[in-house]
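Single-structure report; data block below.
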Amino acid sequence: MPGLDLFGGPLQLVDDEEGGIRYWPGFVDGGEAAAWFDALRDGCDWRHQRRTMYERVVDVPRLQAWYPFDPASLQGLPAQLPLAAILVRIRAVVPGGYNSVGLNLYRDGRDSVAMHNDKLHMLLPGQPIALLSLGAPRRMNIRAKAGGHALGIDLQPGSLLAMSHASQLTHEHGIPKTTRPVPPRMSVVFRARPEQDAAADRRAAPAPAKGWR
DNA sequence: GAAGGTCAAGCGCA
DNA sequence: CTGCGCTTGACCTT
Numbered sequence: 001m002p003g004l005d006l007f008g009g010p011l012q013l014v015d016d017e018e019g020g021i022r023y024w025p026g027f028v029d030g031g032e033a034a035a036w037f038d039a040l041r042d043g044c045d046w047r048h049q050r051r052t053m054y055e056r057v058v059d060v061p062r063l064q065a066w067y068p069f070d071p072a073s074l075q076g077l078p079a080q081l082p083l084a085a086i087l088v089r090i091r092a093v094v095p096g097g098y099n100s101v102g103l104n105l106y107r108d109g110r111d112s113v114a115m116h117n118d119k120l121h122m123l124l125p126g127q128p129i130a131l132l133s134l135g136a137p138r139r140m141n142i143r144a145k146a147g148g149h150a151l152g153i154d155l156q157p158g159s160l161l162a163m164s165h166a167s168q169l170t171h172e173h174g175i176p177k178t179t180r181p182v183p184p185r186m187s188v189v190f191r192a193r194p195e196q197d198a199a200a201d202r203r204a205a206p207a208p209a210k211g212w213r
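In this note's numbering, the protein residues as written are 1 to 213.
Laid out in structure tokens, this is it:
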């Protein structure tokens, strides 16, 4: 386990040729993280999905929101949300052609995500995924698919986690449920998606009406 | 357009 | 106590 470096550099959690998985515990200060959390919690278009399992319809255990945007103009990011400010800060540390942001809200310890990796066909090769954590700390497990033990990391509010494209091939990650009482936690995840998918996103996303008939 | 992958809750196990 | 692996099935870039 690498030690915390005193000069603000990241902890290297996983190594590969594209930067592996890096973690900046104090990427932004607590006050800013708290302000962003409040604004996003109150202002995002949160969606609650359902899934069927064993003839029962169950709630997906988290709320989600998602915005595709143009990397140059930032069009697509709602102006009343601090997403553009967050993106600027993230790009300065983890450069990338981000064109989509997904948010997850884990309301309490019963909310979770199963171990998974991001779908590679939905990501541009070589481009990292950048994940900002806000709200309460939650444990994330990271495990090599090849086997071995899971690495647990408490994602602190204001922390940044950067995952290489290549690491999605070799590792999976998840947020387990916990019986401990925990306040809400939010992740803000920036990705660079292939243009054809990004275009489909723009079509699917709420857009100004422009019917021609 | 087809079809293989995903991922929910709960259980048993180590 | 906690993580993990197994199960079924509707849905498939939210």
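From the three backbone atoms N, C-alpha and C, an ideal C-beta is built for every residue, glycine too.
Quantities reported herein were computed from a predicted structural model and do not represent experimental measurements.
Length of the line joining the Cα atoms of residue i and residue j
| i | j | result |
| --- | --- | --- |
| Ala209 | Phe37 | Any answer about Ala209 is weak, because its pLDDT of 33 lies below 50 and its placement is not dependable; what the coordinates show is given next. Approximately 30 Å, taken between the alpha carbons. |
| Ser112 | Pro25 | 21 Å |
| Gly31 | Arg89 | 15 Å |
| Leu77 | Ala85 | 10 Å |
| Leu155 | Leu161 | 8 Å |
| Asp59 | Leu124 | 30 Å |
Residue environment, residue i, which counts as buried when at least 16 other CB atoms sit within 10 Å
| i | result |
| --- | --- |
| Met53 | exposed |
| Pro82 | buried |
| Gln12 | exposed |
| Ser14 | Residue 14 is actually Val in this sequence, not Ser. Under this definition Val14 is a buried residue. |
Option nearest residue i by Cα separation, candidates the options
| i | options | result |
| --- | --- | --- |
| Gly20 | Gly30, Met122, Ile129 | Ile129 |
| Arg110 | Ile175, Asp15, Gly126, Asp29 | Ile175 |
| Arg41 | Ala150, Arg107, Ile86 | Arg107 |
| Leu74 | Thr178, Asn99, Gly152 | Asn99 |
| Met115 | Val57, Pro183, Lys177 | Lys177 |
| Ala39 | Ile153, Met140, Ala79, Ser167 | Ala79 |
| Val93 | Val188, Tyr23, Ala144, Met186 | Tyr23 |
| Ser187 | Ala72, Leu134, Cys44 | Leu134 |
| Gly102 | Lys119, Leu131, Pro125 | Leu131 |
Three-state secondary structure (DSSP) of residue i
| i | result |
| --- | --- |
| Thr170 | helix |
| Phe69 | coil |
| Val28 | coil |
| Asp16 | coil |
| Val93 | helix |
| Gly102 | strand |
| Val57 | strand |
| Arg110 | coil |
| Pro194 | coil |
| Val189 | strand |
| Ala130 | strand |
Presumed contact (8 Å Cβ cut-off) between residue i and residue j, rounded CB distance
| i | j | result |
| --- | --- | --- |
| Ala144 | His171 | 6 Å |
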